[in-house]
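Structure first, commentary second.
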Amino acid sequence: KWWMKLSYPCLKPLGAYMEDLGQRVAFLADWRDHGTPAVFWLPGFFFPQSFLTGVLQNYARQYRIEIDALKWDETVMASNRYEEAPESGCYITGLYLEGAAWNPSTKALCESAKKVLFAPFPIVWLQPVSSTDDTAAPGYSCPVYKTS
Numbered sequence: 003k004w005w006m007k008l009s010y011p012c013l014k015p016l017g018a019y020m021e022d023l024g025q026r027v028a029f030l031a032d033w034r035d036h037g038t039p040a041v042f043w044l045p046g047f048f049f050p051q052s053f054l055t056g057v058l059q060n061y062a063r064q065y066r067i068e069i070d071a072l073k074w075d076e077t078v079m080a081s082n083r084y085e086e087a088p089e090s091g092c093y094i095t096g097l098y099l100e101g102a103a104w105n106p107s108t109k110a111l112c113e114s115a116k117k118v119l120f121a122p123f124p125i126v127w128l129q130p131v132s133s134t135d136d137t138a139a140p141g142y143s144c145p146v147y148k149t150s
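For the sequence shown, the residue numbers in our numbering are 3 to 150.
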C-alpha cells in the first residue's frame, strides 16, 4: 500500500481505488474538453473546500462583497440533471447519506431501506447569501465527510 502515501485519502482496495481514480480523471478531462460543467461532482476534487471557497470568491468579487460576509444557502434540487449552471453559486452532486435516505415527495430525510447503508443524495444548489440573511427555512446542519 505504498501508493496510498502519494494519493488522496481513500479507504478502498486497489481495484476500487483505480476505478475511483478513473472517474476523477474523467470528470476533470470532461471539464477541460467541454468547458465548465453545469453540475460539479464534488468527490472529483482533491480538496473540495478550495473549490467551494473559489465559488464564494467569484461571487464576492462580482458583487464587491467581502467573502467573510457570505454564507451558503443550500437547496436540495428536484431534478437529477441540469444542463445550465445556476445564475449564482453552483450545483453539486456526489454526496451520500449514511443510515438515512432522502424522500423527494416530502423533501425530507427518512429511514433508509433495509440493508442499505449509503443512499445517494440529490443534487444540491449552493448559493452564496449574506451571512446576515436569516430568511432560510429551518434545516438540519449535517456534517459532510470526504472519505471514499
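Every residue gets a Cβ at the ideal spot worked out from N, C-alpha and C, and that includes glycine.
According to DSSP, is residue i helix, strand or coil?
i, result
"D32", "helix"
"A18", "helix"
"T137", "coil"
"T55", "helix"
"V146", "coil"
Can you give me the C-alpha to C-alpha distance between residue i and residue j, rounded to a whole angstrom?
i, j, result
"L17", "V27", "It is worth fixing the name first, because residue 17 is Gly in this sequence and not Leu. Looking at the two C-alpha atoms, the distance is approximately 16 Å."
"E1", "F48", "Residue numbering for the chain in the displayed model covers 3 to 150; residue 1 lies beyond these limits and cannot be assessed."
"V146", "P45", "11 Å"
"A102", "Y142", "13 Å"
"F42", "C144", "20 Å"
"S132", "T77", "16 Å"
"G96", "D35", "21 Å"
"A71", "L128", "16 Å"
"I69", "G56", "10 Å"
"K109", "W74", "19 Å"
Could you tell me which residues DSSP pairs with residue i in its beta bridges?
i, result
"S132", "L72"
"N2", "Nothing about residue 2 can be reported from this structure: the residues present for the chain run from 3 to 150 only."
"I94", "F42, V126"
"A121", "L99"
"V27", "The partner list for V27 (beta bridge, DSSP) is empty, contrary to what the question assumes."
Of all the CB atoms in chain C, is at least one closer than 7 Å to the CB of residue i?
i, result
"K7", "Given the protein chain composition of this structure (a single chain), no chain C is represented."
Assuming residue i and residue j are in contact, meaning their beta carbons sit under 8 Å apart, how far apart are those beta carbons, in whole angstroms?
i, j, result
"K148", "P50", "6 Å"
"I125", "Y93", "5 Å"
Check whether the stretch 109-122 and the stretch 47-65 touch, using three or more Cβ-Cβ pairs below 8 Å as the test.
The stretch 109-122 vs the stretch 47-65: no contact.
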